[in-house]
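Visitor: Numbering (this note's numbering), first residue to last: 2 to 540.
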RNA sequence: GUCCCCGUAGUUCAAUGGAUAGAACGAGAGACUUCUAAUCCCUUAAUGCAGGUUCGAUUCCUGCCGGGGGCACCA
């Protein structure tokens with residue numbers, strides 16, 4: 002119902018003018034309010050009150066009869082709208098009619114568009130870090146949102162399964178068994194030692210080729226990574242192997258050729274450099290070391306080229322905090338390669354807090370807490386929700402104490418409990434549902450007209466926000482909006498549940514409210530799907 | 001030193017340049033013979049400092065002060 006109002010104002014203001022249209026509650030500011038008059042005032046060079054007056058006149062003419070029940074100018078030029086009860090009731094019908102598709106919107110510039118979304122992409126040299134997990138959830142939900150907006154999204158995990166770090170992993174394993182001497186740069190988590198112990202005979206056999214050994218181990222680590230991701234509902238369409246799909250296909254070489262063609266390659270101090278400073282980087286970057294090894298950066302350029310060659314004009318890459326310094330160089334490469342729209346999102350670090358103190362190390366093993374350990378401790382829904390409640394720009398402090406609470410204080414359960422309550426009413430009303438199903442057209446309309454209590458309409462108002470939030474998030478990627486919305490929606494439902502009864506009410510009211518419960522179930526389900534949360538039937 | 005992110009109730013976080021800055025946890029008070037009280041209702045308290053742009057700044061710009069991260073011929 003917001004959309005209709007938005008379109009009316011858009012028509013008057015002009016398509017490209019930006020304005021706010023906020024949904025409020027049932028206060029003196031109306032169900033919705035807009036600052037559109039300020040925009041009009043600026044455009045026409047008139048005062049905001051004058052503009053507001055003009056806008057009101059034109060909106061009243063443009064709006065369909067019976068849509069707006071009240072329209073008021075407030076403050077320095079805000080317009081407050083009250084929508085007629087019938088509009089709320091119609092929205093409830095729209096939700097039920099669209100079902101799974103409620104919240105699927107067509108966004109210009111996204112609908113039908115092929116987008117590659119790369120995330121996690123952690124090196125398979127050990128378990129996932131918390132930051133990896135954060136990127137995983139962000140990517141997963143962002144992918145859902147972009148798809149809801151009509152885009153065709155490929156979720157890609159780029160696997161660095163070759164090169165220096167794989168060699169180092171192989172050597173680290175040998176060192177763990179004392180076959181070679183330990184060095185500073187080696188990986189030394191318990192997982193290295195564990196793997197080495199479990200595969201002792203193999204390690205001994207492969208002692209002379211550490212690189213092959215590293216590959217072998219990393220394949221195992223990747224398997225574990227995939228398992229953990231799967232257990233948290235993070236899935237990928239494609240695991241792109243650096244070795245097989247990029248290096249073996251000479252894509253880094255092709256990228257190099259491209260760079261040379263643009264005249265941006267030069268040699269200095271025995272190494273080959275790319276002049277990324279020409280594209281906004283703060284220093285030039287090495288493509289080939291003086292020993293003749295291609296750098297990770299060159300391989301990554303090859304990877305970007307591969308993406309482009311497979312028909313993507315848009316790529317979004319989610320990186321962890323350790324890759325901050327990498328952004329401008331990869332953007333420079335993307336630009337040279339001709340990947341038209343390349344975006345990079347960098348997530349900030351994750352820290353775990355318990356009882357007011359930061360727990361840096363895992364208690365059981367003397368190293369950083371890994372993603373799988375935290376998943377095991379609090380469960381996939383909780384970690385997902387907590388990670389997604391905060392903007393990626395802020396350092397995330399994970400409140401382990403709160404996360405472990407199974408009950409009242411935990412916002413995840415609060416949200417799911419609202420769904421469970423709705424479910425419970427719905428299940429109990431088996432007989433009534435049959436009759437409800439037969440209500441159609443005017444009869445249904447008449448029945449729904451008894452949805453007029455504040456709690457009824459407040460619930461519909463919150464339900465109706467969902468599509469607009471999808472549209473907004475597809476543009477600004479602020480997926481944390483949904484966790485917060487989930488809590489608000491749950492609140493609206495709990496409120497409805499406490500104030501109004503469904504079962505046992507007179508027929509008219511019963512059917513109307515049951516219908517509203519159905520609408521709520523639709524939005525909750527769609528929202529949970531989008532967020533990747535489970536929708537429990539019982540708690 | 002330089003680049004990036006952050007600085008908002010006691011704490012953890014919200015707020016596409018908009019009106020009276022929202023939640024959660026914490027603290028305090030109240031509500032179950034009724035569809036699951038894992039709930040609802042009420043109270044409490046905040047924009048680091050100094051300028052600037054604007055009808056309007058938590059938001060944009062400059063400087064300062066704090067916290068985190070990046071600055072490899074590693075990935």
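Every residue, glycine too, gets a C-beta built ideally from N, C-alpha and C. In this text, all values refer to a predicted model and were calculated from it rather than measured experimentally.
1. Going by C-alpha to C-alpha distance, which of 271, 352, 266 sits closest to residue 337?
2. Which of the three DSSP states, helix, strand or coil, is assigned to residue 180?
3. Can you find the residues in the same chain that come closer than 7 Å, C-beta to C-beta, to residue 80, ignoring five residues on each side of it along the sequence?
4. Using a Cβ-Cβ cutoff of less than 8 Å, which residues in the same chain neighbour residue 475 once the five nearest sequence positions on both sides are dropped?
5. Just the C-alpha distance for residue 119 and residue 125, rounded to the nearest angstrom, thanks.
6. Going along the chain, which residues of its own chain have a beta-carbon closer than 6 Å to the beta-carbon of residue 366, five neighbours each way excluded?
7. How do the segment 512–520 and the segment 403–418 stand: do at least 3 beta-carbon pairs fall below 8 Å, yes or no?
8. Tell me the start and end of each unbroken beta strand (DSSP E) in the segment 453–504 that is at least 3 residues and wholly inside, in chain order.
9. Taking 6 Å as the limit between beta carbons, can you name the residues of its chain near residue 273, skipping five residues before and five after?
10. Could you tell me the alpha carbon to alpha carbon distance between residue 196 and residue 171, rounded to whole angstroms?
11. In its own chain, which residues sit with a C-beta less than 8 Å from the C-beta of residue 322, not counting the 5 before and 5 after it?
12. Tell me whether the beta-carbon of residue 352 lies closer than 8 Å to the beta-carbon of residue 386.
13. Does the pairing of the segment 296–307 with the segment 235–255 give three or more beta-carbon distances under 8 Å?
14. With a threshold of 16 other CB atoms inside 10 Å of the CB of residue 67, please say whether the residue is buried or exposed.
15. Could you check how far apart the C-beta atoms of residue 139 and residue 480 are, in whole angstroms? I think they sit under 8 Å.
16. How would you label residue 62, buried or exposed, when you count the other beta carbons within 10 angstroms and need 16 or more for buried?
17. Which residues mark the beginning and the end of the alpha helix (DSSP H) in which residue 219 is found?
18. Helix, strand or coil: which one does DSSP assign to residue 161?
19. Taking residue 318 as part of the beta strand (DSSP E), name the residues at either end of that continuous run.
20. I'd like to confirm the pairing. Which residues does DSSP put opposite residue 156 in its beta bridges?
21. Could you check the C-alpha separation between residue 215 and residue 316 for me, to the nearest Å?
22. Can you name, in chain order, every residue of its own chain whose Cβ lies under 6 Å from the Cβ of residue 280, other than the five neighbours on each side?
23. If you run the structure through DSSP and keep just helix, strand and coil, what is residue 207?
24. Could you pull out every residue in the same chain whose Cβ sits closer than 6 Å to the Cβ of residue 30, ignoring the five residues on either side in sequence?
25. Rounded to the nearest angstrom, what separates residue 529 and residue 470 at their Cα positions?
26. What residue range does the beta strand (DSSP E) around residue 241 cover?
27. Do you know how far the Cα of residue 300 is from the Cα of residue 261?
28. Helix, strand or coil for residue 81 per DSSP?
29. Leaving aside the five residues before and after residue 223 along the sequence, list all residues of the same chain whose C-beta is less than 6 Å from its C-beta, in chain order.
30. State yes or no: is the C-beta of residue 60 within less than 8 Å of the C-beta of residue 85?
31. Cα-Cα, which of 392, 376, 420 is closest to residue 477?
32. Closest by CA to residue 520, which one among 103, 130, 489, 425?
33. Starting from residue 73, follow its DSSP beta bridges and name the residues at the other end.
34. Is it the case that the segment 438–450 contacts the segment 89–104, given that we only count it when at least three CB pairs across the two stretches are under 8 Å?
35. I want to know whether the segment 375–386 touches the segment 230–243 - three or more CB-CB distances under 8 Å.
36. Only counting the same chain, and skipping five residues up and downstream in sequence, which positions put a Cβ closer than 7 Å to that of residue 9?
Guide: Answer, in terms of the structure:
1. Taking the first chain and counting its residues from 1, one reaches residue 337 at position 336. Out of 271, 352, 266, 266 has the C-alpha closest to the C-alpha of residue 337.
2. The sequence position of residue 180 within the first chain is 179, counting from 1. Correct three-state label for residue 180: coil.
3. Here residue 80 corresponds to residue number 79 of the first chain, with the count starting at 1. Counting only Cβ-Cβ distances below 7 Å, and skipping sequence neighbours, we find 34, 35, 37, 38, 53, 56, 57, 72, 74.
4. Here residue 475 refers to the residue found at position 474 when the first chain is read from its first residue. Around residue 475: 106, 108, 111, 146, 147, 149, 150, 152.
5. Position 118 of the first chain, counted from the first residue, corresponds to residue 119. Position 124 of the first chain, counted from the first residue, corresponds to residue 125. Rounded to whole angstroms, residue 119 to residue 125 spans 16 Å at the Cα level.
6. For the purposes of this step, residue 366 is identified with residue 365 of the first chain, where counting begins at 1. Because the pLDDT of residue 366 is 48, which lies under 50, any placement of that residue in the model is unreliable, and the question is left without a value.
7. no
8. Runs found: none.
9. Position 272 of the first chain, counted from the first residue, corresponds to residue 273. Contacts found: 288, 289.
10. In the first chain, the residue the question calls residue 196 occupies position 195. In the first chain, the residue the question calls residue 171 occupies position 170. Going from the Cα of residue 196 to the Cα of residue 171 covers about 11 Å.
11. Here residue 322 is taken as the residue at index 321 of the first chain, counted from 1. If we look at residue 322 and ignore the five residues flanking it on each side, its Cβ neighbours are 132, 347, 348, 349, 350.
12. Numbered from its first residue, the first chain carries residue 352 at position 351. Numbered from its first residue, the first chain carries residue 386 at position 385. The answer is no: Cβ separation not under 8 Å.
13. yes
14. Residue 67 sits at position 66 when you count from the first residue of the first chain. That one is exposed.
15. Along the first chain, read from residue 1 onward, the residue named residue 139 stands at position 138. Along the first chain, read from residue 1 onward, the residue named residue 480 stands at position 479. 6 Å between Cβ atoms; contact.
16. Translated into positions along the first chain, residue 62 becomes position 61. So residue 62 counts as exposed.
17. For the purposes of this step, residue 219 is identified with residue 218 of the first chain, where counting begins at 1. Segment 211–232, the alpha helix (DSSP H) holding residue 219.
18. What you label residue 161 is simply residue 160 of the first chain in a count that begins at 1. Residue 161 carries a coil assignment under DSSP once its states are collapsed to helix, strand and coil.
19. By 1-based counting over the first chain, the position of residue 318 is 317. 315–320 is the span of the beta strand (DSSP E), which, as asked, contains residue 318.
20. Within the first chain, residue 156 is the residue found at index 155, counting from 1. Residue pairing by DSSP places residue 156 opposite 118 in a beta bridge.
21. Here residue 215 corresponds to residue number 214 of the first chain, with the count starting at 1. Here residue 316 corresponds to residue number 315 of the first chain, with the count starting at 1. The straight-line gap from Cα to Cα measures roughly 30 Å.
22. For this step, residue 280 is matched to residue 279 along the first chain. So the qualifying residues of the chain are 333, 336.
23. Position 206 of the first chain, counted from the first residue, corresponds to residue 207. Correct three-state label for residue 207: coil.
24. The residue labelled residue 30 in the question sits at position 29 within the first chain. Hits under 6 Å: 81.
25. On the first chain, residue 529 is found 528 positions in, with the first residue counted as 1. On the first chain, residue 470 is found 469 positions in, with the first residue counted as 1. Residue 529 and residue 470: Cα-Cα distance of roughly 14 Å.
26. Taking the first residue of the first chain as 1, we reach residue 241 at position 240. From DSSP, the beta strand (DSSP E) with residue 241 extends over 239–242.
27. On the first chain, position 260 is the one that residue 261 refers to. On the first chain, position 299 is the one that residue 300 refers to. Answer to the nearest angstrom: the Cα atoms are 16 Å apart.
28. On the first chain, position 80 is the one that residue 81 refers to. Three-state DSSP puts residue 81 in a strand.
29. The residue labelled residue 223 in the question sits at position 222 within the first chain. Once the five neighbours on either side are set aside, the close Cβ partners of residue 223 are 125.
30. On the first chain, residue 60 is found 59 positions in, with the first residue counted as 1. On the first chain, residue 85 is found 84 positions in, with the first residue counted as 1. No.
31. Taking the first chain and counting its residues from 1, the one referred to as residue 477 is at position 476. The shortest Cα separation from residue 477 among 392, 376, 420 belongs to 392.
32. On the first chain, position 519 is the one that residue 520 refers to. Of 103, 130, 489, 425, the residue nearest in Cα terms is 103.
33. Residue 73 sits at position 72 when you count from the first residue of the first chain. Residue 73 pairs with 81.
34. yes
35. Yes, they touch.
36. Reading the first chain from its first residue, position 8 is the one you call residue 9. Cβ within range, chain order: 60, 63, 64.
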